[in-house]
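S.K.:
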Amino acid sequence: MSYYFISIGGTGAKVMESLTHICIAGLLPSNERLYIAAIDPDVGNGNLERTATALNNFNVFQNFSVGNDTPLFKNKISITRPFPFNPTGHDKNLDDLIEFYQHNNSPVAKLYGSLYTKKERVTTLNEGFRGHPSIGAAVLAKKFDDGAKLTAQIEKIISEGDTVKIFLAGSVFGGTGAAGLPTIARLLKNNLADYADRISIGGVLILPYFSFTPTEKLDELFARSENFLPNTKAALKYYSERENLFDATYFIGDSVMTAVKEFSVGSANQRNEAHIVEFYAALAAADFFNQPIKAPKVFKYICRHERDKFSWSDFPTSSERFVQFARFIFAYVHLIKPVLNDLISGNAKAYKYPWFVDFLDDVDLTAPDVVNFNFYTEAFAAWLKQLETLNGREVFLINPEMFEANPARLVDKKLFAALDGNKTKLTVHEVWYRLTEPFKFDSTVKGFGKFLRRLYDACAI
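Using the numbering used here, you'd call the opening residue of the sequence shown number 96 and step up by one each time.
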């Protein structure tokens, strides 16, 4: 079986960011390959750029030889090109994309003119569909698969004897996600109808969870947070009448709207911090991938134990693997990375670090895969810090006291032993000691991956 994850719009891209981290941490149900695709006319979106950076880092270092008997890096990622797929092209408006000139003065043109305002028709779509799903639905119905060729790629996988689970993620209250979720699900079902017994399509529909206030009066199209709830009501009515659109549907939102710090219509300035809702949505994808190809439809609910607090007991997954991965990342950035930097610069001697002599003496620490892993550890820590920050409520997955201004540094070494709030005997000194102990590897474990595997196992309780 192969997994396909398709993000649609800015919110979908943020779900993809969380999915990338839980994939690297080994939280997906098996070691199947994960194919990643993104659909967004706002190709310069800052949220998508941050996600792409994490994906590209992993794409470089994912071939570390860590062995097959560990969840670490077990799911390999293939990024579907072009990434992202832009269905609108550059500097195009709706008139351009539906080729209005071919229908001028016809009955079709009159109908078109009654469905869309002049501003909707002539606004360029470089920054997305501006909270107007009716624009996005028209564009995607015409342009989907023109450049991405997703259907052909999935057909090729199926023709090789595989089965495919496809998961879509996006919001129902904005523009691109609201337009893309039903449109793309329907097109995939229609295009792959001959393989209906070999595919399963799921989707996470993100309900409102943030709000924003424009810093100035804008005379242009853009998503307005005061429209989120009526848009959501209309969207849910639509989905209730089309129960066969998805084989599995997840609805995730929040009753408290988190205020976006800096408003942006789109492009590189749109860089919203990670949110717990997106983490839930990524776990929904993992749950879907864990189901049989044609699982019976069931209704599940997730409830929090406390109104103003999120903890691991509120999630449909065990914390053990995620916490071990977080411990592994913090051990690397706090214990290992400073030593490696000193060794590279000549400010330290290798003989003082037995684990370096045992595992890394013949490893090129300036190689691209090692450098990209270093970048990734910082990105993971920054994402985790943002996840732990929620206005007016407490998120306690990883102890927020772990972080300081630089999110990849321990404020206090003593906090390491209680990373998730549970007291353990695994101090940073114990991890350091474990690195010097003999350890049996299989023959496939080698290079920098061998050291990372040893460090990861040393971080187990």
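Note that CB positions come from ideal geometry on N, CA and C, so glycine has one too.
My assumption, with CB atoms under 8 Å, is that V161 sits in contact with L547. Please give the rounded CB distance.
M.R.: 6 Å
S.K.: Excluding the five sequence neighbours on either side, which residues of its own chain have a C-beta within less than 8 Å of the C-beta of C398, listed in chain order?
M.R.: D409
S.K.: Run through DSSP, which three-state label would L263 get?
M.R.: Secondary structure at L263: strand, using DSSP grouped into helix, strand and coil.
S.K.: Using the C-alpha atoms, what's the distance from A233 back to L210?
M.R.: 11 Å
S.K.: Ignore the nearest five residues each way along the sequence and tell me which others in W478's own chain have a CB closer than 7 Å to its CB.
M.R.: E112, H116 and A369
S.K.: Does the distance between the C-beta of D289 and the nearest non-hydrogen atom of the ligand HEM fall short of 8 Å?
M.R.: With respect to small molecules bound, the structure shown includes none, and the ligand HEM cannot be examined in it.
S.K.: Quick one: using the 10 Å Cβ neighbour count with 16 as the cut-off for buried, is G361 buried or exposed?
M.R.: Interpretation of G361 is limited by its pLDDT of 48, a score under 50 that renders its predicted location unreliable; no figure is taken from the coordinates.
S.K.: Could you say if the region 186-198 and the region 215-223 meet the contact criterion of at least three C-beta pairs nearer than 8 Å?
M.R.: yes
S.K.: So R399 is in the alpha helix (DSSP H); what residue range does that whole segment cover?
M.R.: Judged by DSSP secondary structure, R399 falls outside any alpha helix (DSSP H); it is assigned neither H nor E.
S.K.: On the CB-based measure, 16 or more other CB atoms within 10 Å of its CB, does V393 come out buried or exposed?
M.R.: exposed
S.K.: Which residues does DSSP pair with G298 in a beta bridge?
M.R.: L263 and T344
S.K.: Just curious, the beta strand (DSSP E) that E489 is in, first and last residue?
M.R.: R488 to F491
S.K.: Jot down the residue ranges of each uninterrupted beta strand (DSSP E) in the region 454-499, minimum 3 residues, whole runs only, in chain order.
M.R.: 488-491
S.K.: Return the CA-CA distance between F384 and D342, expressed in angstroms with no decimal places.
M.R.: 12 Å
S.K.: On the premise that V434 lies in contact with T443, defined as a C-beta separation below 8 Å, what is that separation, rounded to the nearest angstrom?
M.R.: Just to set this straight, residue 443 is Ala in the shown sequence, not Thr. About 6 Å; that satisfies the 8 Å criterion.
S.K.: Tell me whether the beta-carbon of L283 lies closer than 9 Å to the beta-carbon of I296.
M.R.: yes
S.K.: Could you give the distance in angstroms between the alpha-carbon of W407 and the alpha-carbon of F491?
M.R.: 8 Å
S.K.: For my contact list, Y427 and T472 are in at a C-beta cut-off of 8 Å; report their separation, rounded to the angstrom.
M.R.: 6 Å
S.K.: Going by the beta-carbon positions, is the gap between V523 and L438 smaller than 9 Å?
M.R.: no
S.K.: If A133 and A108 are in contact, beta carbons under 8 Å, what's the gap, nearest whole angstrom?
M.R.: Taking a contact as a CB-CB distance under 8 Å, the pair A133 and A108 counts as one, their CB atoms being some 6 Å apart.
S.K.: Per DSSP, what kind of secondary structure is L123 in: helix, strand or coil?
M.R.: coil
S.K.: Please return the same chain residues whose Cβ sits closer than 6 Å to the Cβ of V506, not counting the five positions on each side in sequence.
M.R.: E499
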